[in-house]
Amino acid sequence: MISFALRSLGVFFVFYPTFAISASTPRITIRVGMLMPVEIDDLTQLVGYTTSAAAVTLAVDRIKAEHLLDQVDWEFYWEDDRCNDALSLGLALKLINEKHVDVFMAPPCSAAAATVGKLCEYFNIPIFGWASTLYEVGEPGTYPTFTRTIVSSDDMGHAIAETMLYFGWKEYAFVYTNDNLRKECMYIKLGFEKTIITKGYDIDSNFEVVINGSPSDAILDEILSNISTQARIVVLCMDRGEDERRFMLAAHSRGMDGDEYVYLIPDYDDQGSKEGKDKRWLDSVGDPDGKNEEAKYAYDKALVISIDQQDDETEASTLRREIPIKMRKAPFNCFENCNAFDDQYGSSYSPYLFDAMYLYGLSLNKTLTDNPNDPNVTRDGILIQNNSNNLTFNGITGNVTIDDTGNRKPVLAVRGFDFKGVYTRLALIDVWAKKGECVTLMLPSLNDIWGTVRPLSVPRCGYSGTECPKTFQKQKQSHTIMSAFAWIRETLMSMTKKFNLSTKKETC
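Numbering-wise, the sequence shown is residues 1 to 508 according to this note's numbering.
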């Protein structure tokens with residue numbers, strides 16, 4: 001089998017600066033520490049060990065193929081942190097004291113990543129995030145050794161606000177879950193609120209609800225009942241893809257997927273199922289429920305906001321197919337524990353882990369080149385973070401640019417169905433642009449999305465349908481009167497014809 005790194009080498013080579021390593025440089029060992037959940041079913045296809053860890057060694061394959069760190073020998077150590085911040089802290093300390101790790105691939109759960117990030121600050125050890133989105137991690141100076149390839153939750157919140165501003169929506173409902181594990185939807189909500197306050201967006205929430213865990217059908221019905229009388233623009237964030245699909249099916253059952261409704265769905269990977277990025281409406285849990293077409297109809301009213309992966313989705317799919325193969329090789333040698341159905345395809349966030357490890361390779365290359373005689377430089381977290389800043393490379397998750405605070409500069413995409421029923425990229429969002437100028441439409445006009453009937457925050461006749469403006473009521477009344485006159489006219493003409501016909505018959 002041709003390695004992933006070698007297949008991709010021609011694509012990647014020209015997008016980043018590299019620094020020559022002398023052949024006489026003494027060999028060094030870099031110990032990589034990883035903390036991630038091993039046996040939490042809800043997280044396996046998102047960030048689980050069995051579906052993610054090999055992204056690190058695949059990235060090392062690319063680093064070796066590009067001769068970035070030819071003098072480095074690699075060791076890998078991992079622990080099951082169960083997505084628990086206290087446990088992550090203890091295990092990270094164990095890896096530092098017992099294995100003397102030089103770098104951490106951060107826990108994928110934000111609370112755990114933030115906790116370990118502070119420990120790394122104390123020891124000045126570099127840490128690279130790949131799934132933790134908590135916006136506080138990106139605050140300048142707060143986590144000076146932390147760099148990440150995933151977009152911050154406040155950038156996602158900013159993208160939601162800019163989308164609403166672009167389409168002229170000022171009122172909305174916000175529905176989200178708290179899975180008590182990753183809590184990503186909760187952090188998106190916090191990032192959205194931060195954006196509204198700090199950047200002064202004139203948009204108001206009419207209804208908000210947080211669902212703890214997975215919602216029952218009764219809860220979904222109650223929530224939709226409340227939305228129907230208070231909003232038409234709904235921000236929907238579900239930690240579990242199955243719950244999102246159930247919500248959309250429930251909306252379809254209530255008739256809440258007509259032209260008045262829009263569902264804004266923030267999702268870092270636009271990944272509703274492993275069948276493909278345009279198939280989030282497919283049933284991927286257990287036996288098929290036979291409702292894929294109904295779900296697809298409901299998703300016709302959804303706009304998915306996610307990281308723009310440009311043309312690299314094929315590379316991501318290739319990577320995710322190779323992860324199960326790589327997990328069965330050293331250093332993981334995972335056979336029995338990697339045989340479940342969900343283990344046969346790389347996780348949604350594994351491409352971000354690949355990019356995080358590769359980014360570390362680029363930064364370490366520069367660090368060693370600039371400091372060839374300093375044996376301690378490999379554990380200088382602040383310096384390695386500084387050398388990660390302002391790097392740009394073509395990653396598995398698209399074009400990756402790191403700003404001067406260790407955060408990824410985000411370019412997000414709005415995806416959904418156009419007016420012809422084709423699921424496509426509808427718009428791009430550059431959240432670093434000037435307020436009100438962040439969104440670029442990728443179609444000729446808005447009519448290519450909705451036709452001539454564009455959804456409004458508040459329907460013309462209100463949420464109840466009984467609050468039409470007087471002019472609109474007069475138009476309706478006038479139309480009704482004209483229709484009545486037309487009916488009377490047609491009736492009289494018909495009666496006249498019948499009378500004339502009857503008269504002719506009598507004359508005969």
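For every residue, glycine included, the Cβ atom is placed at its ideal position computed from N, Cα and C.
(1) What are the boundary residues of the beta strand (DSSP E) that includes V235?
(2) Between I127 and the ligand COA, is the CB less than 8 Å from at least one heavy atom?
(3) Below 9 Å between beta carbons: does that hold for L58 and L319?
(4) Please report the straight-line C-alpha distance between F472 and L456, rounded to a whole angstrom.
(5) Are V514 and V262 touching if we call contact CB-CB under 9 Å?
(6) What's the C-alpha gap between E275 and T314?
(7) Helix, strand or coil for P324 per DSSP?
(8) Quick check: the Cα distance between W74 and L190, rounded to an integer number of angstroms?
(9) Touch check for the stretch 112-126 and the stretch 329-349: three-plus C-beta pairs under 8 Å?
(10) Whose CA, out of L46, P459, H252 and A356, lies closest to the CA of D270?
(11) Got a sec? Which residues, its chain only, sit under 6 Å from C109 by beta carbon, not counting five neighbours each side?
(12) Grab me the residues of V377's own chain with a C-beta within less than 6 Å of its C-beta, minus the 5 sequence neighbours each way, in chain order.
(13) Measure the C-alpha to C-alpha separation of C334 and V411 and round it to an integer number of angstroms.
(14) Can you grab the Cα-Cα spacing for the pair K420 / W450, in whole Å?
(15) Label A330 either buried or exposed according to how many other C-beta atoms from any shown protein chain fall within 10 Å of its C-beta, with 16 as the threshold for buried.
(16) Please list the terminal residues of the continuous alpha helix (DSSP H) segment that includes Y166.
(17) Check whether the Cβ atoms of N178 and V210 sit closer than 9 Å, and answer yes or no.
(18) In whole angstroms, what is the alpha-carbon distance linking R240 and E336?
(19) Does DSSP classify P266 as helix, strand or coil?
(20) Buried or exposed: W130, going by 16 or more other Cβ atoms within 10 Å of its Cβ?
This is what the structure gives:
(1) I233 to C237
(2) Summarising the ligand content, the structure contains no ligands, and the ligand COA is consequently not present.
(3) yes
(4) Low confidence applies here, because F472 scores a pLDDT of 49, under 50, leaving its location unreliable and the question unanswered by this model.
(5) It is not possible to answer for residue 514, since the shown part of the chain is limited to 1 through 508.
(6) Bear in mind that a pLDDT of 43 at E275, under 50, signals an unreliable position, so the number given afterwards is only what the model happens to contain. Going by the C-alpha atoms only, they are around 13 Å apart.
(7) helix
(8) 38 Å
(9) no
(10) L46
(11) C83 and R182
(12) T367 and N371
(13) 36 Å
(14) 9 Å
(15) exposed
(16) Per DSSP, the continuous alpha helix (DSSP H) segment holding Y166 begins and ends at S153 to F167.
(17) Cβ atoms of N178 and V210: closer than 9 Å.
(18) 26 Å
(19) strand
(20) buried
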